[in-house]
Structures are given as structure tokens and as C-alpha cells.
Ligand SMILES: Nc1ncnc2c1ncn2[C@@H]1O[C@H](COP(=O)(O)OP(=O)(O)OP(=O)(O)O)[C@@H](O)[C@H]1O
Ligand SMILES: [Mg+2]
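Residue numbers (the working numbering): 1 to 350.
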């Protein structure tokens with residue numbers, strides 16, 4: 001089983017309007033509300049893939065899902081602190097999408113991420129930073145992870161931390177998970193990831209610009225964000241640096257350019273030959289889901305080039321399939337199946 005932790009979930013609100021004119025007031029055509037947050041996206045992708053009964057070559061797991069997800073290698077459960085007033089809405093949405101969850105009730109309201117979408121598809125996003133949780137809420141979150149650890153093999157931690165959060169939270173969760181023999185996959189950035197690396201997380205998956213921010217945090221220099229892509233370290237440089245700083249393996253994703261893996265002496269690049277057009281938000285979460293599924297099935301990091309290639313093929317296929325969906329946290333397993341054979345993988349020799 002995979003436990004996905006989302007420290008800073010958001011209620012994703014989408015307003016549809018014909019066009020936006022700055023400084024004017026607008027009548028909203030339709031409103032949708034959805035439980036959002038990176039770890040919830042990871043769990044939703046895993047729930048979709050696990051529930052798919054077709055014989056998928058792109059799926060790095062052959063386990064049978066269970067709604068409760070209580071046995072190793074079987075299912076997923078999403079853990080997140082959620083404001084008391086929003087808890088029912090989150091639970092109803094996750095239930096409707098068949099995503100098993102343990103929501104920790106918090107007195108702090110859940111942040112909102114508002115997308116204003118015009119009729120031509122252009123989206124303007126307004127993302128709240130979130131409200132810091134009390135130490136009591138983090139203890140309840142940690143207790144829930146520990147309760148689930150006995151029946152889990154993998155912990156993923158995804159996304160930002162609310163402002164004011166102890167920057168060692170991810171470090172402590174990594175240590176806790178390792179004490180329970182869980183594999184740890186981190187898709188967090190900045191200070192939180194820099195501080196967790198000495199605990200040797202099994203796999204880290206920042207995107208290229210997040211990885212650059214982590215390298216700045218490690219070096220004690222400020223991140224000159226937003227950095228121009230040309231000035232960022234390459235995905236390969238970033239992956240080597242993350243492993244050098246303590247990660248057992250690093251996958252640095254680079255949008256349509258694919259990803260780079262570094263694990264010990266092995267360095268691989270994986271990508272589709274041609275970029276897809278669509279919605280890249282949440283593609284990284286689908287990649288994290290595929291990586292976690294592979295670790296859950298094997299119970300360990302891949303050992304050698306061939307098993308890594310199989311896992312990266314699935315990772316690129318799942319994440320590219322997510323690009324084809326209009327919302328984050330969704331993918332069609334048939335798209336992942338179709339795309340997997342096209343993934344190009346090459347060894348990087350230094
Ligand atoms: N346009 C695209 N076409 C094909 N594959 C893509 C495209 N964009 C992203 N991907 C795939 O998705 C993976 C993750 O993308 P990206 O690096 O943008 O993640 P991210 O920034 O972490 O995304 P998010 O945090 O929004 O989930 C890439 O490694 C690649 O395999
Ligand atoms: Mg990401």
C-alpha cells in the first residue's frame with residue numbers, strides 16, 4: 001500500500017467566464033469545486049490505475065486494489081490536514097473519485113486555489129499560500145501516517161508546506177517512515193527537501209526549477225526566482241547533486257523534455273520523442289504515482305538498468321497521459337498503455 005501525504009491541500013475552485021477584463025466585475029458562468037493538492041493528485045492517479053482491470057503493459061504494479069488499502073502492495077490512501085468546514089466537501093469529492101482517504105480535521109481553513117477560465121481556455125490562477133497548522137495538527141497527521149505504516153510499503157510526501165511550518169517536518173516524516181521500513185518518495189522543494197536529504201529519502205522527484213531551488217538551499221544561497229530556464233542546472237546536474245546530498249535516487253523531471261534518473265552509477269534519460277499538447281499541471285504528480293507504484297510492487301528501489309528502464313517507461317507514460325486530461329489528478333489508463341512503447345530511454349555516460 002502507498003500512503004500519500006499532502007501537507008498543504010487546497011480547495012480548487014474553477015470559475016468559467018467568457019473573458020476576463022482586468023478592473024471590471026464579472027458574472028461567473030459555472031463554478032466547480034474539487035479537493036486539490038499534489039498528494040491527493042498522486043492518490044487519485046494511483047486509484048485510477050489500480051482500479052483499471054485491463055491488462056496494461058505500462059503499469060509497474062500487478063497488485064489488486066482494495067478500497068481500504070490495508071495490505072502491502074494493495075491500494076493507496078491519501079492523508080491530509082483539512083479545515084473542519086471543508087472536510088465534508090473533501091471527503092465527498094474523494095469518495096466520488098474512489099480515492100481512499102484519512103482526512104485530519106484542522107481548525108485552520110483550507111486554502112483556496114482559484115482558476116478563472118475563459119471561453120478560449122486561457123486560465124488565470126490565484127493560489128493562496130495556506131495557513132500554518134498547529135503542532136497538535138501535525139502530531140495528528142504524523143500519528144495517522146504511523147498508524148498506516150504497518151500496512152504500507154511506500155510513503156509519498158508532495159507539494160508545499162503551509163507558511164510557518166517546521167522546516168524539519170519532511171525530515172522527521174522520512175525518519176519515521178524509515179523506522180517502519182517504508183520506502184520514501186519526496187516531491188517537495190526548497191528548504192524542506194534540502195533538510196530531508198541527510199535522512200536519505202529513497203527517491204526524490206522535483207522538477208528542474210524546484211531542484212535548482214533545493215541546490216540553492218543546500219548552498220545557503222538565495223534562489224534568484226523566477227530563474228530563466230537557460231540559467232538552471234540541467235536535469236542531469238541537478239539529479240547528481242541531489243544524490244550527492246543524500247537522496248538514494250533522484251528523478252528530476254523537465255516537462256516535455258522528460259526526466260533524468262540518477263541512482264548510484266546509473267544515469268538514464270527518458271522522454272517521449274514528441275511533446276504532447278495539453279494541461280501539464282499534475283503531470284509530475286502522475287510521475288510520482290508511477291514511481292511509487294513501482295516501489296510498492298518491488299518493495300525496493302530498482303536494482304540495475306533494466307528494472308529502472310521499465311519504471312521510467314511507466315513514469316513517462318503515466319505523466320504524459322496526465323497531460324491529455326483537463327484536470328490534475330486524472331489520466332486514462334488506455335493513454336498510458338498507448339504511450340508506453342513510444343518512450344525513449346538512453347543511458348547517460350559521463
Ligand atoms: N508536454 C508534455 N508532453 C509529454 N510529456 C510531458 C509534457 N509535460 C510533462 N510531461 C511529462 O510529465 C513529467 C512531469 O512534468 P513536469 O516536469 O512538468 O512536472 P511538474 O512540474 O512536477 O508538474 P506538477 O507539479 O504540476 O505535477 C515529465 O517528466 C514528462 O514525462
Ligand atoms: Mg511537481
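Every residue, glycine too, gets a C-beta built ideally from N, C-alpha and C.
On a predicted model such as this, the values are computed, not experimentally measured, just so you know.
If you draw a straight line from the C-alpha of residue 262 to the C-alpha of residue 295, how long is it? Within the chain shown, residue 262 is the residue found at index 262, counting from 1. Within the chain shown, residue 295 is the residue found at index 295, counting from 1. Each residue's Cα considered, the two are about 16 Å apart.
Would you grab the beta carbon distance between residue 323 and residue 278 for me? Rounded to a whole angstrom, and I think it's under 8 Å. Taking the chain shown and counting its residues from 1, one reaches residue 323 at position 323. Taking the chain shown and counting its residues from 1, one reaches residue 278 at position 278. That pair is a contact at about 4 Å.
Reduced DSSP category for residue 210 - H, G, I as helix; E, B as strand; rest coil: Taking the chain shown and counting its residues from 1, the one referred to as residue 210 is at position 210. In the structure shown, the three-state DSSP call for residue 210 is helix.
Alpha carbon to alpha carbon, how far is residue 118 from residue 338? Give it in angstroms, no decimals. Start at 1 with the first residue of the chain shown, and residue 338 comes out as number 338. Start at 1 with the first residue of the chain shown, and residue 118 comes out as number 118. Between residue 338 and residue 118, the C-alpha separation is close to 31 Å.
Please report the residue range of the beta strand (DSSP E) in which residue 76 lies. Looking up residue 76 in the chain shown gives position 76. First-last of the beta strand (DSSP E) with residue 76: 76-83.
Taking the Cβ atom as the reference point for each residue, do residue 396 and residue 11 lie within a distance shorter than 8 Å? Any question about residue 396 goes unanswered here, given that the chain covers just 1 to 350.
Going by CA-CA distance only, name the one from 213, 127, 14 and 266 that's closest to residue 307. By one-based count along the chain shown, residue 307 stands at place 307. The residue with the shortest Cα to Cα distance from residue 307 is 266.
Do you know how far the Cα of residue 219 is from the Cα of residue 34? Indexing the chain shown from 1 puts residue 34 at position 34. Indexing the chain shown from 1 puts residue 219 at position 219. C-alpha separation (whole angstroms): 38 Å.
Is the CB-CB distance between residue 329 and residue 44 below 8 Å? Your numbering for residue 329 matches position 329 in the chain shown. Your numbering for residue 44 matches position 44 in the chain shown. Yes, these two residues count as a Cβ contact at 8 Å.
Could you name each continuous alpha helix (DSSP H) segment of 4 residues or more that falls completely within the segment 280-316, going from the start of the chain to the end? 283-298
Do residue 152 and residue 3 have their CB atoms nearer than 8 Å? For the purposes of this step, residue 152 is taken as the residue at position 152 of the chain shown. For the purposes of this step, residue 3 is taken as the residue at position 3 of the chain shown. Going by C-beta atoms, residue 152 is nearer than 8 Å to residue 3.
Tell me, please, whether the segment 234-247 touches the segment 281-294 by the rule of three or more beta-carbon pairs shorter than 8 Å. no
Drop a sphere of 10 angstroms on the beta-carbon of residue 174, count the other beta-carbons inside from all chains shown, and report buried for 16 or more, exposed for fewer. Mapped onto the chain shown, residue 174 falls at position 174. So residue 174 counts as buried.
Count the other CB atoms, across all protein chains shown, that sit within 10 Å of the CB of residue 105; report buried if there are 16 or more and exposed otherwise. One-based indexing of the chain shown puts residue 105 at position 105. Counting Cβ neighbours within 10 Å, residue 105 comes out exposed, since fewer than 16 surround it.
Beta-carbon proximity check, residue 353 vs residue 288, cutoff 8 Å: Residue numbering for the chain in the displayed model covers 1 to 350; residue 353 lies beyond these limits and cannot be assessed.
Just verifying my parser: in three-state terms, what is the DSSP assignment at residue 244? Within the chain shown, numbered from 1, the residue matching residue 244 stands at position 244. Residue 244: helix per DSSP, three-state reduction.
Between residue 143 and ligand 4, is the CB less than 7 Å from at least one heavy atom? Absence of ligand 4 from the depicted structure is noted, with ligand 1 and ligand 2 being the only ligands included.
So what does DSSP say about residue 236, is it helix, strand or coil? Counting from 1 along the chain shown, the entry for residue 236 is found at position 236. In this structure, residue 236 counts as helix in the three-state DSSP scheme.
Just to confirm, is the Cβ distance from residue 214 to residue 190 under 8 Å? Against the chain shown, residue 214 aligns to sequence position 214. Against the chain shown, residue 190 aligns to sequence position 190. Result yes, Cβ atoms of residue 214 and residue 190 sit closer than 8 Å.
In chain order, what residues of the same chain have a beta carbon less than 6 Å from the beta carbon of residue 97, not counting five sequence neighbours either side? Here residue 97 corresponds to residue number 97 of the chain shown, with the count starting at 1. If we look at residue 97 and ignore the five residues flanking it on each side, its Cβ neighbours are 44.
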